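Enquirer:
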Amino acid sequence: MDIIAKLATELEVKKWQVEAAVKLIDEGNTIPFISRYRKEATGTLNDEVLRNLNDRLTYLRNLEEKKEQVLTTIEEQGKLTEELKKQILEAETLVVVEDLYRPYRPKRRTRATIAKEKGLEPLANLILLQMTKEPIEKEAEAFVNPEKEVDSVQAAIEGAKDIIAEYISDEADYRIYIRDITMKKGMISSTAKDEKAESVFEMYYNFQEPVSKLAGHRVLALNRGENEKILTVKIEAPEEDILRYLKKQVIKGNNENTRQILEDIIEDSYKRLIAPAVEREIRNDLTEKAEDGAIKVFGKNLEQLLMQPPIVGQVVLGWDPAFRTGCKLAVVDGTGKVLDTAVIYPTAPQNKVAEAKSTVKKLIEKYNISLISVGNGTASRESEMIIVDMLKEIKANVQYIIVNEAGASVYSASKLATEEFPNFDVGQRSAASIARRLQDPLAELVKIDPKSIGVGQYQHDMNQKKLSEALGAVVEDSVNKVGVDLNTASASLLEYISGISKVIAKNIVLYREENGRFENRSELKKVAKLGPKAYEQCAGFMRIQGGKNPLDATSVHPESYDAAKALLEKLGYKPKDIVEGNLSGLSKKITDYEKTAEELSVGVITLQDIVKELEKPARDPRDEMPKPILRTDVLEMKDLTPGMTLKGTVRNVIDFGAFVDIGVHQDGLVHISQMTDKFIKHPLEVVSVGDIVEVKVMSVDLSKKRIQLTMKIK
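Residue numbers (the working numbering): 586 to 1299.
#1: Determine the direct distance from the alpha carbon of lysine 885 to that of lysine 1273, and round the result to whole angstroms.
#2: If I measure Cβ to Cβ from lysine 701 and keep anything under 7 Å in the same chain, skipping five residues before and after, which residues do I get?
#3: Could you compute how far the alpha carbon of leucine 669 sits from the alpha carbon of leucine 714?
#4: Can you tell me which of the three DSSP states glycine 960 falls into?
#5: If you follow the alpha helix (DSSP H) that methionine 768 is in, where does it begin and where does it stop?
#6: For the alpha helix (DSSP H) holding phenylalanine 883, just list the boundary residues, first then last.
#7: Just to confirm the assignment: which complete beta strand (DSSP E) runs, minimum length 3, are found wholly within the stretch 766-820?
#8: Leaving aside the five residues before and after alanine 741 along the sequence, list all residues of the same chain whose C-beta is less than 7 Å from its C-beta, in chain order.
#9: Could you give the C-beta distance for asparagine 614 and arginine 623, rounded to a whole number, given that I count them as a contact under 8 Å?
#10: Taking 8 Å as the threshold (C-beta atoms), are asparagine 1065 and proline 691 in contact?
#11: Apart from the five residues just before and just after isoleucine 851, which ones in its own chain have a Cβ nearer than 7 Å to its Cβ?
#12: According to DSSP, is serine 1284 helix, strand or coil?
#13: Hey, would you say glutamate 1270 sits closer than 8 Å to valine 1249, going by beta carbons?
#14: Only counting the same chain, and skipping five residues up and downstream in sequence, which positions put a Cβ closer than 6 Å to that of glutamate 722?
#15: Please go through the same chain and pick out, in chain order, the residues whose beta-carbon is closer than 7 Å to the beta-carbon of proline 895, but skip the five residues on each side of it.
#16: Between the Cα of lysine 1290 and the Cα atoms of Gly1253, Asp1262, Lys1297, which residue gives the shortest distance?
#17: Could you compute how far the alpha carbon of serine 1018 sits from the alpha carbon of glutamate 633?
#18: Just curious, the alpha helix (DSSP H) that arginine 829 is in, first and last residue?
#19: Excluding the five sequence neighbours on either side, which residues of its own chain have a C-beta within less than 6 Å of the C-beta of glycine 942, listed in chain order?
#20: Going by DSSP, what residue range makes up the beta strand (DSSP E) through threonine 926?
#21: So what does tyrosine 985 bridge to, in DSSP terms?
#22: Would valine 959 be called buried (16 or more neighbouring beta carbons within 10 Å of its own) or exposed?
#23: Report the partner residues of glycine 1253 according to the DSSP bridge assignment.
#24: Roughly how many angstroms separate the alpha carbons of glutamate 677 and glutamine 889, rounded to a whole number?
#25: Quick check: does the Cβ of histidine 1250 come within less than 7 Å of any heavy atom belonging to the ligand SAH?
#26: Taking the alpha helix (DSSP H) that valine 607 falls in, what are its first and last residues?
#27: So alanine 915 is in the alpha helix (DSSP H); what residue range does that whole segment cover?
#28: Short of 6 Å in beta carbon distance, which residues of its chain neighbour valine 603, apart from the five on each side in sequence? Order them along the chain.
#29: Look at the Cβ atom of arginine 1102, then the Cβ atom of asparagine 1072, and state whether they are nearer than 8 Å.
#30: Taking the alpha helix (DSSP H) that valine 1238 falls in, what are its first and last residues?
#31: Along the chain, where does the alpha helix (DSSP H) containing arginine 966 start, and where does it finish?
#32: Please tell me whether alanine 1148 and proline 1202 are closer than 8 Å, where the distance is taken between their beta carbons.
#33: Can you tell me whether glutamate 1326 is helix, strand or coil according to DSSP?
#34: Kindly list the residues whose CB is nearer than 7 Å to the CB of tyrosine 930, restricted to its own chain and excluding five residues on each side of it in sequence; keep chain order.
#35: DSSP on glutamate 722, reduced to helix/strand/coil?
#36: Put arginine 694 into one of helix, strand or coil per three-state DSSP.
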C-alpha cells in the first residue's frame, strides 16, 4: 500500500504535503512545532490535520506490519497462493487482514481439530464435494474406528460436520458479507433485567434501533447499562438473508444425499461460530466509533475551556463552598500568589452569616478584592445568596462568578498541590485553585488530569489510554498556541511545551530557582538534559518579558532572529520598537513580500508570520474568546418562568445538546433540535464550551431540577 498517497486522499491534501509532514514527524518534531514553524515545508497544515495524519500514519504502518507477519506465517506453512497474497496486500483494515488470516492461525483445540485428529477430514471433504451417490451414513461406515474414539456412524458424521462448520466459519468472504449485511440490516435491542428497578437507563428497558442508525451516545449508554448489569443488549441479525447467502455459496447442485446435512451444518456454523463473533466485532466497532466521536467532542470542549480568556491584574477571592466543614477562602493577587486564607461558616448547620459577612468584608477592604470566584459544588447556591446579600451592603465595586470546580478536589489532594502549598489543607488549596482558574484557566487546569475536568460524556467507560492521549494532545496544542512566560510558568505548564518532558520541565524550574530569572532564550541550553533538538522544538513557545533581547518576548523563533533584525533595519526600526509597540503598521510598509523574503533568506509564509508577530508581540489568542459573565445579583430556579430570555454560558456540549449556565444552580439543557432552524448533525456546529448564548426558558421542573431551554428566540 502507498501510505503517502492514501493519507493524501483521506485528508484531501497534496501528496508532497504528506511526505513533508511524515518526514518531519519521523525526525522527532512535535505537532505544535511543525504546525507553527514548518509551514513552508507542509504547506501550512494546521495542528488538527497534522494530528489526524499522525494517528492514521501509525494505524497504516501497523497494518502494513501485520500484513508482513501474516504473509510470513502463511508462507512458512506452505499455503500462500498468489490470490491470497494479493487479497492480503490490498486489505485496507486490520479486521479484513484478520479475516484472511483466520484459517491459517494456529488454533486452540476446537471440535474441528479433534475431529481431524480422528481422521475424519476425508469424510468432511466427501460431503463438501456433494458428488456421492451413496447416503452419507453408508459413506461414514468406513470411518468408524473405536481406537480413535469414533464408535459409531453418527459419531463420524458429527465430527465431519464440525470440520465443515469451522471451514465455513473461517472463509473470509463469508465473514465480510455477514458483517456487512448485519451492519446494514441488523437491529440492536436492549431489555431490562428487572423492569421494576428504577435507573437512569429506563428509556433502554425496551429499546430497538437499526445498527446503522445507532448514535454514539446511545452505544455508550447501552454499554454502561450492560456493564452495570441493568440491561441485556443483543444484535438481531437478518438471519434468513444470511442463511440463504451461505446455502447459495456452499450447496452446489441438488444432491439429495448431502443437501440436508449441509443445511444443518450451515445453520450450526452460523449460529455457533459466526454470529457470536460477528456480534462481538460489530459491538466493538460501534464502541470504537462512539468512543472516537465522544473523545472528539470531549477534546473540543476541553480546548474551549482551556482557551477561556484570563482575567488579569485583579485580586480575586476564591470561595470553596461547603456545609459542615465551612467555606474555605483564599485571597490571590494578580500574579496568582496566595495572600491570605480563611474559613467561614455561613451555611448549615452553623449558619454564622453575620460573622462570615464581616470576615469577607474585611478581606475585601484589606486586599482591594474586585472579584469573587465561587466553586459550583455543594453549598454553592447558599454561598451565592450570602455573597449577593453582602455585595448590596458594601460600597466597593465587587462582582462574582460561579466557576466550574470540576477537578479542584482532585488537584487539592494531589502530590503537586502538596508541593505547591505544603502548609495548606485540601480546602485552602481548592479555594486557591478556584481563584486561579479565573485568573488564568489554562495555567491552572493543566495541573489536573484532563479526564477530571468534567466536560465530556461517559469518559470513565472509554479506552483510557486513547482518551488520555487525545486529551493530552488538546492540552499540548492549547498551551503551545498561547505560549508560556519562561520566568513564571510552573513545571505543570512547561511540560506541555513542545519538546519538553516532565523531567526537563522540573529542571527548568530548578535552574530558575538556583540562577534567578532567564535573561534570554539561549540560556535554556544550560538547563540539564535540554539538548539542541529540545531547544529547537521549545524555544519559540517560551517568552521572556523584559529580557536582553526584545525578540525573546515574541513567538518569533530564534532561527529567524537574523531575518527579523534585518527586516527591522531595512524598514528603519530598532529592536526596542518591538517592546514599545511602535510596529503596528509594519505589514503596510512591505510592498513585495516575495522579493523581501528572498532578500532575508526566509520563506514568504515565515516572513508573514514574523511581521504579524512584530506588529502585535506575544498576542494572546484567548483574547478573541467570549469573556465570562460576571454577576452582582442572584437568580433562583423558582424565579424562572417559561418565555423568560437570559444570557448564559455553555458549560458542556454533548451529542444531543448543550448544558447552559443561566445563573441558577442548575444548568439548563438546550436540545439539539432547539439550537437552530436548520438541520445540524452535532451541537458543535453551533456552540462550544465557554460561548455566551442568549436562551429562552421553555419549561422548568422544580422536582426533577430540569430546565429546558431554546436558542430559537426570534
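From the three backbone atoms N, C-alpha and C, an ideal C-beta is built for every residue, glycine too.
Here the structure is a predicted model, which means the values were calculated and not measured.
Expert: With the given structure in hand:
#1: Indexing the sequence shown from 1 puts residue 1273 at position 688. Indexing the sequence shown from 1 puts residue 885 at position 300. The question names lysine, but residue 1273 in the sequence shown is serine. Going from the Cα of serine 1273 to the Cα of lysine 885 covers about 8 Å.
#2: Walking along the sequence shown from the start, residue 701 turns up at place 116. Correct list, in chain order: Ile748.
#3: For the purposes of this step, residue 669 is taken as residue 84 along the sequence shown, with counting starting at 1. For the purposes of this step, residue 714 is taken as residue 129 along the sequence shown, with counting starting at 1. For leucine 669 and leucine 714, the distance between alpha carbons rounds to 22 Å.
#4: For the purposes of this step, residue 960 is taken as residue 375 along the sequence shown, with counting starting at 1. Here glycine 960 sits in strand by DSSP.
#5: Locating residue 768 in the sequence shown gives position 183, counting from the first residue. Counting along the chain, the alpha helix (DSSP H) containing methionine 768 begins and ends at 757-770.
#6: By 1-based counting over the sequence shown, the position of residue 883 is 298. Residues 860-891.
#7: 772-777, 791-795
#8: Against the sequence shown, residue 741 aligns to sequence position 156. Around alanine 741: Leu705, Leu708, Ala725, Phe728, Val729, Val735.
#9: Stepping through the sequence shown from its first residue, residue 614 is reached at position 29. Stepping through the sequence shown from its first residue, residue 623 is reached at position 38. Rounded, the Cβ-Cβ distance is 7 Å, consistent with contact.
#10: In the sequence shown, residue 691 corresponds to position 106, counting from 1. In the sequence shown, residue 1065 corresponds to position 480, counting from 1. No; because the gap between Cβ atoms is not below 8 Å, this pair is not in contact.
#11: Looking up residue 851 in the sequence shown gives position 266. Here the set comprises Ile753, Leu828, Leu831, Lys832, Val835.
#12: Along the sequence shown, one-based indexing puts residue 1284 at 699. Residue state, collapsed to three classes: strand.
#13: Position 685 of the sequence shown holds residue 1270. Position 664 of the sequence shown holds residue 1249. Contact: no.
#14: For the purposes of this step, residue 722 is taken as residue 137 along the sequence shown, with counting starting at 1. Val738.
#15: For the purposes of this step, residue 895 is taken as residue 310 along the sequence shown, with counting starting at 1. Once the five neighbours on either side are set aside, the close Cβ partners of proline 895 are Gln1024, Asp1025, Pro1026, Arg1207.
#16: Taking the sequence shown and counting its residues from 1, one reaches residue 1290 at position 705. Comparing Cα positions, the closest option is Gly1253.
#17: Mapped onto the sequence shown, residue 1018 falls at position 433. Mapped onto the sequence shown, residue 633 falls at position 48. Taking the straight line from one Cα to the other gives about 30 Å.
#18: Taking the sequence shown and counting its residues from 1, the one referred to as residue 829 is at position 244. From DSSP, the alpha helix (DSSP H) with arginine 829 extends over 824-835.
#19: Counting from 1 along the sequence shown, the entry for residue 942 is found at position 357. The sequence given here places lysine at residue 942; glycine does not occur at that position. Correct list, in chain order: Met975.
#20: Counting from one through the sequence shown, the residue named residue 926 turns up at place 341. Note, threonine 926: beta strand (DSSP E), 923-929.
#21: The residue given as residue 985 occupies position 400 in the sequence shown. Bridge partners of tyrosine 985: Ile957, Arg1216.
#22: Here residue 959 is taken as the residue at index 374 of the sequence shown, counted from 1. By the 10 Å Cβ count, valine 959 comes out buried.
#23: What you label residue 1253 is simply residue 668 of the sequence shown in a count that begins at 1. Paired residues: Val1245.
#24: As a working note, residue 677 is residue 92 in the sequence shown. As a working note, residue 889 is residue 304 in the sequence shown. Cα to Cα, glutamate 677 sits roughly 35 Å from glutamine 889.
#25: Although the ligand SAH was asked about, the structure shown includes no ligands whatsoever.
#26: Translated into positions along the sequence shown, residue 607 becomes position 22. 600-611 is the span of the alpha helix (DSSP H), which, as asked, contains valine 607.
#27: Residue 915 sits at position 330 when you count from the first residue of the sequence shown. Not the alpha helix (DSSP H): alanine 915 falls in the beta strand (DSSP E), residues 912-917.
#28: To locate residue 603, count along the sequence shown from 1; it is residue 18. The answer, listed in chain order, is Ile589, Leu592, Ala593.
#29: Here residue 1102 refers to the residue found at position 517 of the sequence shown. Here residue 1072 refers to the residue found at position 487 of the sequence shown. Yes, the pair counts as a contact, with Cβ atoms nearer than the cut-off.
#30: Against the sequence shown, residue 1238 aligns to sequence position 653. First-last for valine 1238: 1230-1239, but that is the beta strand (DSSP E), not the alpha helix (DSSP H).
#31: Taking the first residue of the sequence shown as 1, we reach residue 966 at position 381. It spans 965-978 - the alpha helix (DSSP H) in which arginine 966 sits, taken as one unbroken run.
#32: Translated into positions along the sequence shown, residue 1148 becomes position 563. Translated into positions along the sequence shown, residue 1202 becomes position 617. No, they are not a contact pair.
#33: Only positions 586 to 1299 of the chain appear in the structure, and residue 1326 is not among them; the question remains open.
#34: Indexing the sequence shown from 1 puts residue 930 at position 345. Result list for tyrosine 930: Gly911, Lys937, Ala941, in chain order.
#35: Position 137 of the sequence shown holds residue 722. Glutamate 722 falls in the helix class under three-state DSSP.
#36: Translated into positions along the sequence shown, residue 694 becomes position 109. Here arginine 694 sits in coil by DSSP.
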